[in-house]
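In this note's numbering, the protein residues as written are 2 to 454. Heads up, the thing below is written out as structure tokens.
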């Protein structure tokens, strides 16, 4: 068995200090015998004991000086009962590494000065999303080339009871806080609480960041009815809880937001909050197949109450806008297939989501509907293909209906980069058709945490 140099030092101390013990014991025995023969020997015994104590203290001081010379002045901390000494890269932990908060301890525990600079930093990552487009789109044209989004993430554990996540979105026109919230995962009653700015748990697409979508764009139903890229995202509080049952995974989520979510909701006073509720169920069908379904509801105040359809302009006061409500209903389903023996080569995901919008406007209540269905199949280790069909009415004019279809091809060299091409055809309600080829380059650096499943 191999013994380190540091572990031999305490043994040497004990051996060195115990070496003269037989001689001291012999001297004490002789002094005691002399005391029995002569009462005056008591003074001699006390002097002998004092001399022994002085010799022992001198020897211990010399040993401590030698130990300091070997260890550089860092004396190992005395462990508590039942504690196991912490080590890092074979070096015994110092008092700071054992929890005293000393900077030298953190240096030893984390591997030196270069590692110590990262101890208090969160996990950081940057994801770039470059998008290009060719073809003709006279209704909703986009730039030929653009750095659509660069997302910077900062994620860390705050303490044993909470973690924090921040996502900053850098666009070509500015910077925005996409999400920034603290999560409390271990509250009484099995509650999971989030506080901050976050994407609402409304359906699947709204809650997803742009870079994890299986397409270069968002479906028409999201663009027309749920606010597009921004969607329902606001400052608020979210409370979620698992509902125990013997059949399947079931989770209920309730959220309250300030009431300002881009083109979806708008508040004019403190009481104009918006609410979101979601019930999600999950079940394994087999060892390689699972099904995820959900139902969502959202309610707030109308963000476009002053729009009453084509050719109609109505001027409303703030008091008038307060009376207009908006509601959204959503159903979504996701079917996943991933065989265990060939999981890195083949997989399939089918998605479907439908949304109903009900909004009060100056010209009456408007009901608009939309949906999308898609399928993505992995044909090889790094190649994925997909197809999607869209159909959606417009939120302020349900008589206008857009439809579209897409073919997608993705090459993913690793989990840190991907190249994607999408052939998209859109039939707009104005009677115009757009045929486009979209191409996307995504790349990531740093430690980016996993997104919700």
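Even glycine gets a Cβ: it sits at the ideal position worked out from N, Cα and C. None of the values given here were measured: they were computed from a predicted structure.
Between the Cα of residue 342 and the Cα atoms of 381, 289 and 297, which residue gives the shortest distance? For the purposes of this step, residue 342 is taken as residue 341 along the chain shown, with counting starting at 1. Nearest option by C-alpha distance: 289.
Checklist line | Limits of the beta strand (DSSP E) - the one that residue 428 falls within | finding: Start at 1 with the first residue of the chain shown, and residue 428 comes out as number 427. That run of the beta strand (DSSP E) goes 418 to 428.
Tell me the DSSP secondary structure of residue 454 in three-state form.
Taking the first residue of the chain shown as 1, we reach residue 454 at position 453. Coil at residue 454, not helix or strand.
- What residues are listed by DSSP as bridge partners for residue 55? For this step, residue 55 is matched to residue 54 along the chain shown. As DSSP reads the structure, residue 55 sits in no beta bridge.
* residue 172, DSSP secondary structure in three states -> As a working mapping, residue 172 is identified with position 171 in the chain shown. Residue 172 falls in the coil class under three-state DSSP.
Could you tell me which residues DSSP pairs with residue 276 in its beta bridges? Here residue 276 is taken as the residue at index 275 of the chain shown, counted from 1. Residue 276 is bridged to 257 and 300.
For residue 151, which of 385, 405 and 445 has the nearest alpha-carbon?
On the chain shown, position 150 is the one that residue 151 refers to. When each option's Cα is compared against that of residue 151, the closest is 445.
- On a CA-only basis, which of 339, 337, 437 and 355 is nearest residue 331? Give me that one, please. As a first step, residue 331 must be located in the chain shown, where it is residue number 330. Answer by Cα proximity: 355.
Let's test the definition: count the other Cβ atoms within 10 Å of the Cβ of residue 368 and tell me whether it reaches 16, buried, or not, exposed.
Taking the chain shown and counting its residues from 1, one reaches residue 368 at position 367. Residue 368 is classed as exposed because its beta carbon has fewer than 16 other beta carbons within 10 Å across all chains shown.
Out of 271, 394, 142 and 333, which has the shortest C-alpha to C-alpha gap to residue 133?
Position 132 of the chain shown holds residue 133. It is 142.
At the level of alpha carbons, what is the spacing between residue 286 and residue 204?
Position 285 of the chain shown holds residue 286. Position 203 of the chain shown holds residue 204. One C-alpha to the other measures close to 22 Å.
Worksheet entry | Cβ-based burial, residue 135 [other Cβ within 10 Å; buried from 16] | Position 134 of the chain shown holds residue 135. Exposed, because fewer than 16 other Cβ atoms sit within 10 Å of the Cβ of residue 135.
Quiz item: Hey, is the stretch 372 to 386 in contact with the stretch 332 to 351, meaning 3+ C-beta pairs nearer than 8 Å?
Solution: Touching, yes, given that three or more Cβ pairs across the two stretches are closer than 8 Å.
>> Rounded to whole angstroms, what is the Cα-Cα separation between residue 178 and residue 68?
In response: Taking the chain shown and counting its residues from 1, the one referred to as residue 178 is at position 177. Taking the chain shown and counting its residues from 1, the one referred to as residue 68 is at position 67. Near 54 Å, if we compare the C-alpha coordinates of residue 68 and residue 178.
Is the stretch 245 to 258 touching the stretch 355 to 365, taking contact as three or more C-beta pairs under 8 Å? no
For this session: State the Cα-Cα distance for the pair residue 245 and residue 213, rounded to the nearest angstrom.
Result: Translated into positions along the chain shown, residue 245 becomes position 244. Translated into positions along the chain shown, residue 213 becomes position 212. Rounded to the nearest angstrom, the two C-alpha atoms are 30 Å apart.
Bridge partners of residue 166, per DSSP? Walking along the chain shown from the start, residue 166 turns up at place 165. 156 and 182.
Buried or exposed: which applies to residue 145, given that a residue is buried once 16 or more other Cβ atoms fall within 10 Å of its Cβ? For the purposes of this step, residue 145 is taken as residue 144 along the chain shown, with counting starting at 1. Counting every other CB atom within 10 Å of its CB across the protein chains shown gives residue 145 a total below 16, marking it as exposed.
Q. Hey, would you say residue 140 sits closer than 8 Å to residue 433, going by beta carbons?
A. By 1-based counting over the chain shown, the position of residue 140 is 139. By 1-based counting over the chain shown, the position of residue 433 is 432. Yes.
Exercise. Between residue 126 and residue 227, what straight-line distance do the alpha-carbon atoms span, to the nearest angstrom?
Worked result: Looking up residue 126 in the chain shown gives position 125. Looking up residue 227 in the chain shown gives position 226. About 28 Å.
Task: Same chain, Cβ closer than 6 Å to residue 435, five either side skipped, listed in chain order - done: Against the chain shown, residue 435 aligns to sequence position 434. Hits under 6 Å: 138 and 427.
Check your understanding: Helix, strand or coil for residue 392 per DSSP?
Key -> Against the chain shown, residue 392 aligns to sequence position 391. Strand.
Original post:
Does the distance from the CB of residue 233 to the CB of residue 276 come in under 8 Å?
Top reply: Along the chain shown, one-based indexing puts residue 233 at 232. Along the chain shown, one-based indexing puts residue 276 at 275. Their beta carbons are not under 8 Å apart, which means residue 233 does not touch residue 276 by this criterion.
* Kindly list the residues whose CB is nearer than 7 Å to the CB of residue 339, restricted to its own chain and excluding five residues on each side of it in sequence; keep chain order. => Within the chain shown, numbered from 1, the residue matching residue 339 stands at position 338. Around residue 339: 289 and 348.
- Query: Roughly how many angstroms separate the alpha carbons of residue 240 and residue 190, rounded to a whole number?
  - Reply: Here residue 240 corresponds to residue number 239 of the chain shown, with the count starting at 1. Here residue 190 corresponds to residue number 189 of the chain shown, with the count starting at 1. Going from the Cα of residue 240 to the Cα of residue 190 covers about 11 Å.
Counting only the same chain and skipping the five closest in sequence on each side, list residues whose C-beta sits under 6 Å from that of residue 158.
Within the chain shown, residue 158 is the residue found at index 157, counting from 1. Cβ neighbours of residue 158 beyond the five flanking positions: 164.
Practice item. Determine the DSSP secondary structure at residue 376, reduced to helix, strand or coil. Key: Residue numbering aside, residue 376 sits at position 375 when the chain shown is read from its first letter. In this structure, residue 376 counts as strand in the three-state DSSP scheme.
Three-way DSSP call (helix, strand, coil) for residue 212 in this model: Here residue 212 refers to the residue found at position 211 of the chain shown. Helix, per DSSP.
Taking CB distances under 8 Å as the criterion, tell me whether residue 263 reaches chain B.
Absent from the structure is chain B; it holds one protein chain and no more.
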